[in-house]
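Per our numbering, the sequence shown starts with residue 184, numbered consecutively.
Worksheet: the structure to be examined is printed underneath.
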Amino acid sequence: MPWFYVDYYYIILIIPALLFGFWAQAKVNSAYSKYSRVRNMRGYTGADAARFILEQNGIYDVTICRTAGKLTDHYDPRNKTINLSEGVYDSTSVAAVGVAAHEAGHAVQHAVGYFPIKVREAVIPITQIGSYLYFPIIILGIIFSYQPLVNAGIILFSFLAIFQLVTLPVEFNASNRAITTLGRNEILYGDELRGAKAVLKAAALTYVAALVSSLAQLLRLVLIFGGRNNRD
């Protein structure tokens, strides 16, 4: 009689997390598409908005660059560059201004020494190692029936969840800085400002989804592999 293994933890934990992630990404695409067709009345481009926020915070050593792709916008602290995608850099849309202002918010965080971003940078090396090694270590622990090695693999993966958790306040704070500056200086106002908020709020959902996915996978690993010696 054939033997079949059904991973119920995958069905119960991972699939709902994946569906949440797909929904969050769809929200981003929808909001960005909608407000990329709405032009701001003052005619600010994404690059203009980012430059304005930097100057408002006395930051003059950050370069604003154009980068290829869609929604590939990011701030790189290693070379102090705000990299804006082709649809954001020159665009005067509400979405472009909001996205660019968000990335400028990250530059401000680095300039003022925002604590959560320091924590996130501190765990990045462990996170990168853990993402590659956690599963081989778990498998080796199972092969040699050595539970501490299995636990070490699970702990390594947990740093992925820690990274996603610390990312939330970093992203939320960058968006809050962006919206506050845009509103206070009337770069965007009224429906324009509400549109930028909608885009950034939708983007924030993707980080929530990433955290949910990491926590679901961590719980699955614990339930499947944790305490195997006690069950054997």
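Virtual Cβ for every residue (Gly too), placed ideally from N, Cα, C.
Keep in mind that this is a model prediction, so the values were computed, not measured.
Nearest neighbour of residue i, chosen from the options [CA to CA]
i	options	result
Phe340	Arg403, Ile198, Thr275, Ile325	Arg403
Ala241	Val333, Leu323, His293	The sequence shown places Gly at residue 241, rather than the Ala named in the question. Comparing Cα-Cα distances from Gly241 to each of Val333, Leu323, His293, the minimum goes to His293.
Arg234	Val282, Val189, Ser219, Thr255	Val282
Asn223	Leu323, Leu371, Thr389	Leu371
Leu376	Val189, Gln208, Val211, Arg225	Arg225
Ala386	Ala200, Val271, Tyr215, Leu202	Tyr215
Ser276	Asp231, Leu237, Leu398	Asp231
Pro319	Ala305, Ile307, Ala335	Ala335
Val291	Asp190, Lys217, Ile236	Ile236
Gly270	Leu316, His289, Thr250	Thr250
Val349	Tyr297, Leu316, Ser268	Tyr297
Glu304	Ile345, Tyr329, Phe327, Ser328	Ile345
Neighbourhood of residue i by C-beta distance below 8 Å, restricted to the same chain and skipping five residues each side
i	result
Val405	Ile337
Met184	Any answer about Met184 is weak, because its pLDDT of 39 lies below 50 and its placement is not dependable; what the coordinates show is given next. There are no such residues.
Gly366	Tyr372, Leu376
Gln239	Thr364, Asn368
Phe355	Ala387
Enclosing beta strand (DSSP E) for residue i [first to last residue]
i	result
Arg249	246-250
8 Å contact criterion, which residue i and residue j should meet: CB distance rounded
i	j	result
Ala287	Ile265	6 Å
Gln347	Ile197	In fact, because the Cβ distance is near 15 Å, the residues do not count as touching under 8 Å.
Ala279	Ser219	7 Å
Val221	Gly378	6 Å
Pro299	Pro352	5 Å
His289	Tyr258	4 Å
Sequence-distant residues of its chain with Cβ nearer than 7 Å to residue i (five each side left out)
i	result
Ser314	Leu343
His285	Ala357, Ser358, Ala361, Leu383
Val333	Ile321, Gly324, Ile325, Phe408, Arg411
Trp186	Only weak support exists for where Trp186 lies, its pLDDT of 48 falling under 50; the value from the coordinates is given anyway. Cβ within range, chain order: n/a, list empty.
Val395	Ala200, Phe203
Ile247	Ala230, Ala233, Arg234, Ile265, Leu267
Where the alpha helix (DSSP H) containing residue i begins and where it ends
i	result
Asn359	330-367
Tyr315	298-326
Gly204	198-218
Leu401	374-408
Close-in-space but distant-in-sequence residues of the same chain around residue i (CB under 6 Å, 5 per side omitted)
i	result
Asp273	Thr228
Leu388	Ala207, Lys210
Ala381	Ala214
*What runs of the beta strand (DSSP E), each 3 residues or longer, lie entirely inside the stretch 227-278?*
246-250, 257-259, 264-268
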